[in-house]
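A.B. asks:
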Amino acid sequence: MSKRGDPPGRRAAWTGFLAAFLALVLVLALQVASLVRLERASLLAGNAVLSGFLDAVATEVLYTYGPAAERTLDVPASYFARDDVGRAAAYFRRKDLEGAKRLFVVRFGDADWGTVLFYDPETGTMTLAPASDETRAVTVACTPWKLLREKAIALDTPRLVVEERDPANRVILNPITDATSRIVGVAGLILDGDYFTSRLLPNAVRSCLPRYFPDGGDAVVVSVRDGSGALRFTTDPGGDGRADLTRPIPFVFTDHSLGVRSRTLTPEKLARVNFGFNLTLSVLVAALMAGGLVLALRATAREVKLARMKSEFVSNVTHELKTPLASIRVFAEHLRRGRAAAPEKAREYGEHIEAESLRLTNLVNNVLDLSSIESGRKAYAFAPGDVGKVLAATLAAFRVRLLHEGFDLELDEPEEPLPAARIDPDALGRAIHNLVENAVRYSGDSRWVGVRLTHRDGEIAISVEDRGIGIPESEQERIFERFHRVSTGLVHDVRGSGLGLSIVRHVVEAHGGRVEVSSRPGRGSVFTIRIPVAGVPDGPAKG
Ligand code: ADP
8 MSKRGDPPGR RAAWTGFLAA FLALVLVLAL QVASLVRLER ASLLAGNAVL
58 SGFLDAVATE VLYTYGPAAE RTLDVPASYF ARDDVGRAAA YFRRKDLEGA
108 KRLFVVRFGD ADWGTVLFYD PETGTMTLAP ASDETRAVTV ACTPWKLLRE
158 KAIALDTPRL VVEERDPANR VILNPITDAT SRIVGVAGLI LDGDYFTSRL
208 LPNAVRSCLP RYFPDGGDAV VVSVRDGSGA LRFTTDPGGD GRADLTRPIP
258 FVFTDHSLGV RSRTLTPEKL ARVNFGFNLT LSVLVAALMA GGLVLALRAT
308 AREVKLARMK SEFVSNVTHE LKTPLASIRV FAEHLRRGRA AAPEKAREYG
358 EHIEAESLRL TNLVNNVLDL SSIESGRKAY AFAPGDVGKV LAATLAAFRV
408 RLLHEGFDLE LDEPEEPLPA ARIDPDALGR AIHNLVENAV RYSGDSRWVG
458 VRLTHRDGEI AISVEDRGIG IPESEQERIF ERFHRVSTGL VHDVRGSGLG
508 LSIVRHVVEA HGGRVEVSSR PGRGSVFTIR IPVAGVPDGP AKG
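Going by this note's numbering, the sequence shown opens with residue 8, and the numbers climb by one from there.
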């Protein structure tokens, strides 16, 4: 038997492994490339969501002030006539814009040039504005329009204007023109800063969050800083108001900036974490696949080896069958032709025939044992029995063979009878037979076999010793595998099936015992079967 294996089979297995491995590496590389792309895409997507959210909040602010201011401040030009100022008050009474701390008109009439009149919601009248910061802010805001009126410049399509030079008094103005497009005055409002930060912003954020973060608004922190950088609003009062993305507020409070930050991770971190997670997963899957490949390769190698061993087994067994059959035929022919005239000769031939048939029987038994062990049908009939008797019967069957082959058999057994052990005498006998058979076959030039029977510590031990070719240390465990034969040294000279020891081990383990080997190449071997005296069940048992 050769240990080099089947080179074409092994090469095919390795080629398959290499191809599968390269494919795996390629798949992994493609996966990493697509993960890198995905990382970039998810970063952009993450930023796009945050950015979309900020735009939505900004739009909400714009739509709260813009159209409402347009409706509230669309005071008819005729109300700016000196006597009709009461009508402007009535007009404002019906409007009442939330978020304005003051509504006013400024008349550019000929008599009162630039008079600022505040609407007083308590009395429902227009009153002359006192000298105050508010009045100053309004006057400053109206100056450009006053100049237009002075220069009699027509204004085709007046539009809302926001003047925020005084951050405490931000003004929205609507220049009012008459039928000839001349400015007659300005209707306006002063924004309520508190309303902006404590009512409008929270409402706008609350209404936009579910649209962009359906899994819960807790995912982000929204904050607003004023022109000086002071934090004016945040959804996370305990936090520092940091923002990953900012946007100026349009139309009003334009010096304020609206910011948003992912509470758990920034889009960059999220993309990186996703990337890391997916990469780990891919590597893990690849490792599992590689592990599977290695296992498959090993299984293939094992199958290839087993197939080779089986074919060697068939050729070995065929030879093993042929040899005793040839001897039997020769001796039988001698007898038939009357070549054994002397009775001793006839007995000698008869003994040869008997010994060879015994070898044949043993081989056939081993093959049958293997097949029943392999199919799980091996049955043992355990009963209390005398191991000494089994040993004696087995050795008796060898007597003729040992004699003819010039062997010296040394038997060492205790004088007192052994306690009964629960054994299957047939199976145990065959196991001992296999050991003695091996001792004889692998004896090389030596012609000595020692058998020793002992009883100690609740165990009966049967040792079969030879001074033959021995077994290398590295092979001493594997020789118990079915079909395994040592491939080195003198063993090549001995034909065999590779079944004997695997059957010995199976039989001994079925008896609740174990088989041991101690051997040195060139010095010989000792095989020892150890069987417990108690503890084996009666009756048939499956092995
Ligand atoms: P077989 O002897 O038919 O090949 P076994 O299963 O009985 O099968 O033995 C397996 C192998 O163990 C043998 O091929 C041989 O290499 C080695 N072996 C078994 N017994 C001995 C021994 N007494 N001395 C040296 N080698 C042995």
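C-beta atoms are modelled at their ideal positions from N, C-alpha and C, and glycine is treated no differently. Since the model is a prediction, treat every value here as computed from it, not as a measurement.
Helix, strand or coil for R189 per DSSP?
C.D. replies: Coil at R189, not helix or strand.
A.B. asks: Below 8 Å, how does it come out for the region 296-310 and the region 321-330: are there three or more Cβ pairs, yes or no?
C.D. replies: Flag = no, the region 296-310 and the region 321-330 do not touch.
A.B. asks: Taking the alpha-carbon positions, what's the A388 to R366 distance?
C.D. replies: Looking at the two C-alpha atoms, the distance is approximately 24 Å.
A.B. asks: Return the Cβ separation of E141 and N176 in integer angstroms, given the expectation that the two are a contact with Cβ distance under 8 Å.
C.D. replies: The pair is a contact, with the Cβ atoms about 5 Å apart (cut-off 8 Å).
A.B. asks: Mind checking whether the beta-carbon of S378 lies closer than 7 Å to any heavy atom of the ligand ADP?
C.D. replies: No, the beta carbon of S378 sits no closer than 7 Å to any heavy atom of the ligand ADP.
A.B. asks: From which residue to which residue does the beta strand (DSSP E) around L180 run?
C.D. replies: Element bounds for L180: 178-184.
A.B. asks: Can you tell me which of R94, I478, F125, A97 puts its alpha carbon nearest to the alpha carbon of V178?
C.D. replies: Measuring from the Cα of V178, the nearest candidate turns out to be F125.
A.B. asks: DSSP three-state label for A333, please.
C.D. replies: A333 falls in the helix class under three-state DSSP.
A.B. asks: Do R315 and the ligand ADP come close, with the Cβ less than 7 Å from some heavy atom?
C.D. replies: No.
A.B. asks: Between which residues of its own chain and S453 is the CB-CB distance below 8 Å, once the five residues before and five after are set aside?
C.D. replies: Contacts found: D473, R474, G475, G531.
A.B. asks: If we count Cβ pairs, one from each stretch, closer than 8 Å, do we get three or more for the region 155-165 versus the region 238-251?
C.D. replies: No: the two stretches stay apart, fewer than three of their Cβ pairs being nearer than 8 Å.
A.B. asks: Would you say the beta carbon of L196 is closer than 7 Å to some non-hydrogen atom of the ligand ZN?
C.D. replies: The ligand ZN is not among the ligands present in this structure, which contains only the ligand ADP.
A.B. asks: Rounded to whole angstroms, what is the Cα-Cα separation between Y70 and A138?
C.D. replies: Each residue's alpha carbon lies about 32 Å from the other.
A.B. asks: Tell me whether Y126 sits in a helix, a strand or coil according to DSSP, three-state version.
C.D. replies: DSSP places Y126 in strand when its eight states are reduced to three.
A.B. asks: Given a cut-off of 8 Å on the beta-carbon distance, is the pair A148 and E129 in contact?
C.D. replies: Their beta carbons are not under 8 Å apart, which means A148 does not touch E129 by this criterion.
A.B. asks: Can you tell me the Cα-Cα spacing of P209 and E67, whole angstroms?
C.D. replies: If you take the alpha carbons of P209 and E67, they lie about 11 Å apart.
A.B. asks: Comparing alpha-carbon positions, which option in L265, P257, T261 lies nearest D251?
C.D. replies: Measuring from the Cα of D251, the nearest candidate turns out to be L265.
A.B. asks: Smallest Cα separation from G236: which of F338, V212, H263?
C.D. replies: G236 has its Cα closest to that of H263, out of F338, V212, H263.
A.B. asks: Distance, Cα to Cα, I335 vs N372?
C.D. replies: For I335 and N372, the distance between alpha carbons rounds to 18 Å.
A.B. asks: Here's a check: name, in chain order, each residue in its chain whose Cβ is nearer than 6 Å to the Cβ of L586, leaving out the five neighbours to either side.
C.D. replies: Residue 586 is absent from the structure shown; the chain starts at 8 and stops at 550.
A.B. asks: Is any non-hydrogen atom of the ligand ADP found closer than 7 Å to the C-beta of H513, if you look at the structure I gave you?
C.D. replies: Checking every heavy atom of the ligand ADP against the Cβ of H513, none is found closer than 7 Å.
A.B. asks: What distance in whole Å lies between the Cβ atoms of A107 and L196, which are believed to be in contact at a cut-off of 8 Å?
C.D. replies: About 4 Å; that satisfies the 8 Å criterion.
A.B. asks: Using 10 angstroms around the beta-carbon of L25, count the other beta-carbons present and answer buried if the total reaches 16, otherwise exposed.
C.D. replies: Exposed, by the Cβ-count rule.
A.B. asks: Quick one: what's got a C-beta closer than 8 Å to G546's C-beta in the same chain, skipping five residues either side?
C.D. replies: With a pLDDT of 47 at G546, under the threshold of 50, the modelled position of this residue cannot be trusted, and the question is left open.
A.B. asks: Tell me the DSSP secondary structure of L2 in three-state form.
C.D. replies: The structure shown has nothing for residue 2, since the chain only spans 8 to 550.
A.B. asks: Would V524 and V515 qualify as a contact pair, given that the criterion is a beta-carbon distance under 8 Å?
C.D. replies: No, these two residues do not count as a Cβ contact at 8 Å.
A.B. asks: DSSP three-state call for K158: helix, strand or coil?
C.D. replies: Note: K158 maps to coil in three-state DSSP.
A.B. asks: Does the beta-carbon distance from L288 to L377 come in below 8 Å?
C.D. replies: It is not a contact, given that the beta carbons lie outside the stated cut-off.
A.B. asks: Once the 5 residues before and after L238 are set aside, which same chain residues still bring their CB inside 7 Å of it?
C.D. replies: Here the set comprises S230, R232, G248.
A.B. asks: Inspect the beta-carbon positions of L460 and L416 and report whether they are closer than 8 Å.
C.D. replies: Cβ distance not < 8 Å, so L460 and L416 don't count as in contact.
A.B. asks: Should the region 355-366 be regarded as contacting the region 404-411, the criterion being three or more beta carbon pairs within less than 8 Å?
C.D. replies: The region 355-366, when compared against the region 404-411, does touch it at the 8 Å Cβ threshold.
A.B. asks: Since E355 is in the alpha helix (DSSP H), which residue starts that stretch and which ends it?
C.D. replies: Per DSSP, E355 belongs to the alpha helix (DSSP H) from 350-381.
A.B. asks: Per the DSSP calculation, S526 is bridged to which residue(s)?
C.D. replies: According to DSSP, S526 bridges with S532.
A.B. asks: Compute the distance between the beta-carbons of G451 and L425, then report whether it is under 8 Å.
C.D. replies: Contact: no.
A.B. asks: In whole angstroms, give me the CA-to-CA distance for G73 and V290.
C.D. replies: About 56 Å.
A.B. asks: Mind reading off the beta-carbon distance from I478 to V493? Whole number of angstroms is fine, and I expect it under 8 Å.
C.D. replies: Correct: roughly 6 Å between the Cβ atoms.
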